[in-house]
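Enquirer: First the structure, then my questions, so here it is.
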Amino acid sequence: MPDLRPVTAPRGVIARWEVWHDGRRLGWIEQKHLTGARLPFFEAIAPHPRTGKPMSLELHTDHEDRVAVLVEFAEHPERYRQHWS
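Counting with the working numbering, you get residues 5 to 89 for the letters of the sequence shown.
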């Protein structure tokens, strides 16, 4: 089961959590409010498998879905090649 740790959010971000699993930081999730949207969105951000630079694994309204995406990305980054820009 992944461990979520709240961290200080940068300006413009409502909340932020680091996602850890088996002692390894998988990435983080940022809560964002999009203009005109009624629900908050959550963005999963993971380190690029080659460069280590932060890359977005897209927005979703389900927080738990973003946690699952980070876990899956850590196990199978090749499934997310479309995000490897």
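Every residue gets a Cβ at the ideal spot worked out from N, C-alpha and C, and that includes glycine.
#1: Grouping DSSP H, G and I as helix and E and B as strand, with all else coil, what is residue 7?
#2: Residue 25 by DSSP, collapsed to three states: which one?
#3: Spell out the partners DSSP gives residue 49 in its beta bridges.
#4: Express the C-alpha separation of residue 40 and residue 49 in angstroms, rounding to a whole number.
#5: For residue 71, does the count of other Cβ atoms within 10 angstroms reach 16, so buried, or fall short, so exposed?
#6: Could you check what DSSP says for residue 41 in three-state terms: helix, strand or coil?
#7: Tell me the rounded alpha-carbon separation between residue 30 and residue 62.
#8: Helix, strand or coil for residue 19? Go by DSSP, reduced to three states.
#9: Between residue 66 and the rest of its own chain, which residues show a CB-CB distance below 8 angstroms, the 5 nearest in sequence each way excluded?
Expert: In this structure, then:
#1: Mapped onto the sequence shown, residue 7 falls at position 3. In the structure shown, residue 7 sits in a strand (DSSP, three-state: E or B).
#2: Numbered from its first residue, the sequence shown carries residue 25 at position 21. Of the three classes helix, strand and coil, the one that applies to residue 25 here is strand, per DSSP.
#3: As a first step, residue 49 must be located in the sequence shown, where it is residue number 45. DSSP output for residue 49 lists 32 and 60 as bridge partner(s).
#4: Along the sequence shown, read from residue 1 onward, the residue named residue 49 stands at position 45. Along the sequence shown, read from residue 1 onward, the residue named residue 40 stands at position 36. Distance between the alpha carbons of residue 49 and residue 40 is about 23 angstroms.
#5: In the sequence shown, counting from the first residue as 1, residue 71 sits at position 67. Buried, since its Cβ has 16 or more Cβ neighbours within 10 Å.
#6: Against the sequence shown, residue 41 aligns to sequence position 37. Looking at residue 41 - three-state DSSP - the assignment turns out to be coil, as it is neither helix nor strand.
#7: In the sequence shown, residue 30 corresponds to position 26, counting from 1. In the sequence shown, residue 62 corresponds to position 58, counting from 1. One C-alpha to the other measures close to 15 angstroms.
#8: Within the sequence shown, numbered from 1, the residue matching residue 19 stands at position 15. Looking at residue 19 - three-state DSSP - the assignment turns out to be strand.
#9: Here residue 66 refers to the residue found at position 62 when the sequence shown is read from its first residue. Only 46 meet the Cβ criterion.
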